[in-house]
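Numbering (this note's numbering), first residue to last: 4 to 367.
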């Protein structure tokens, strides 16, 4: 599951016993001071050199990484790796960037030193003392394009002790406006041509250009897609509601409280409560997933009244000051899901050659 937030997230956001790996744009000292960018100067230079554009910024790299992590091909192809190790980020579109079969990581790095970045973004295995987690940071690994070999970054790519940890003894990813106030491009382009068989094939997607003639065009397409994804994920409560059909049950009192919502078998209709039913949910909504379920199904599961058996404490997601909050959220999540699906299926192909099992074994 990949998501963006402008606030610290719970260590067990994805479930009990599961850690949350954070890759913030900024890191801070424990007392909230000493704000530092979390992308190294070395990595920035690798991207600028590899794509031949000195105007590439660290925010570009941040959004590029976010888009790559959402790419359907990337997620499917490296599913096994992503379950057991930190993501490794390829340089999409750069010809000849793949590592040679059989060469070790050091040789690969020397051969591709002008384009292959290893440590682009450093991540923390938890989110700091706010949840009692370890605050050690580890390098955010980037893959040599196309092969299963890992190149170590030069020491000058890492700040602090060379392990991705900063000079200060502890770090805390405190609340920051890094995503909320990132430099946004307001110009919206469009590109058609999703992969064959993908939802919204041929649809126009804001932020993705119509023509991709160069490696830099491909990089910029990923940047714009990642920027738009981050925008709708962070500002989900400001997104418009999808126009669902609302059916009120005759004879029932006006009521927007939720006890437990239920989807119909075909998942096009949602029983909100005894008073209200929502219908017209597009099937593409379920293409956008948070882990092993869709974003909408996650909301339906989490936004229900429940009582803890051991403590007797009742968890009630309803808001007395805003009775229609959950109803509004349902429509917003559908809008976000549809937009996210359009964006990720309109991304250019990764362009990474397939590796057969024999080659992979040799490379390892």
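In this text, a Cβ means the ideal position worked out from N, Cα and C, and glycines have one as well.
Keep in mind it's a predicted model, so treat the numbers as computed, not measured.
Proximity of residue i and residue j at Cβ, strictly below 9 Å
| i | j | result |
| --- | --- | --- |
| residue 291 | residue 224 | no |
| residue 54 | residue 41 | no |
| residue 306 | residue 278 | no |
| residue 230 | residue 339 | no |
| residue 356 | residue 96 | no |
| residue 77 | residue 7 | no |
| residue 303 | residue 337 | no |
| residue 226 | residue 73 | no |
| residue 341 | residue 275 | no |
| residue 282 | residue 248 | yes |
| residue 26 | residue 222 | no |
| residue 346 | residue 228 | yes |
| residue 308 | residue 321 | yes |
| residue 299 | residue 333 | yes |
| residue 268 | residue 289 | no |
From the options, residue whose alpha carbon lies closest to that of residue i
| i | options | result |
| --- | --- | --- |
| residue 245 | 287, 310 and 319 | 287 |
| residue 59 | 44, 71 and 293 | 44 |
| residue 262 | 317, 335 and 75 | 317 |
| residue 31 | 335, 39 and 253 | 39 |
| residue 239 | 251, 335, 293 and 26 | 335 |
| residue 219 | 52, 257, 294 and 16 | 52 |
| residue 408 | 271, 269, 233 and 24 | The chain is shown only over 4 to 367; residue 408 falls outside these bounds and no answer can be derived. |
| residue 48 | 36, 37 and 61 | 61 |
| residue 88 | 23, 37, 320 and 46 | 23 |
| residue 5 | 313, 253, 86 and 254 | 86 |
| residue 1 | 71, 33, 313 and 301 | It is not possible to answer for residue 1, since the shown part of the chain is limited to 4 through 367. |
| residue 46 | 36, 57 and 83 | 57 |
Supposed close pair residue i, residue j - CB separation, criterion 8 Å
| i | j | result |
| --- | --- | --- |
| residue 11 | residue 353 | Not really, about 31 Å apart at Cβ, beyond 8 Å. |
| residue 257 | residue 266 | That pair is no contact at about 23 Å. |
| residue 1 | residue 348 | The structure shown does not extend to residue 1, since the chain is modelled only from 4 through 367, so no value can be given for it. |
| residue 280 | residue 250 | 5 Å |
Any non-hydrogen atom of the ligand GDP within 8 Å of residue i CB
| i | result |
| --- | --- |
| residue 304 | The model on display carries no ligand, and the ligand GDP is accordingly not part of it. |
Whole alpha helix (DSSP H) runs in the stretch 319-360 with 4 or more residues, listed along the chain?
328-348
Could you pull out every unbroken alpha helix (DSSP H) segment of at least 4 residues lying fully inside the stretch 19-65, listed in chain order?
44-54
What residue ranges within the stretch 215-288 form continuous alpha helix (DSSP H) runs of no fewer than 4 residues, ordered along the chain?
218-237
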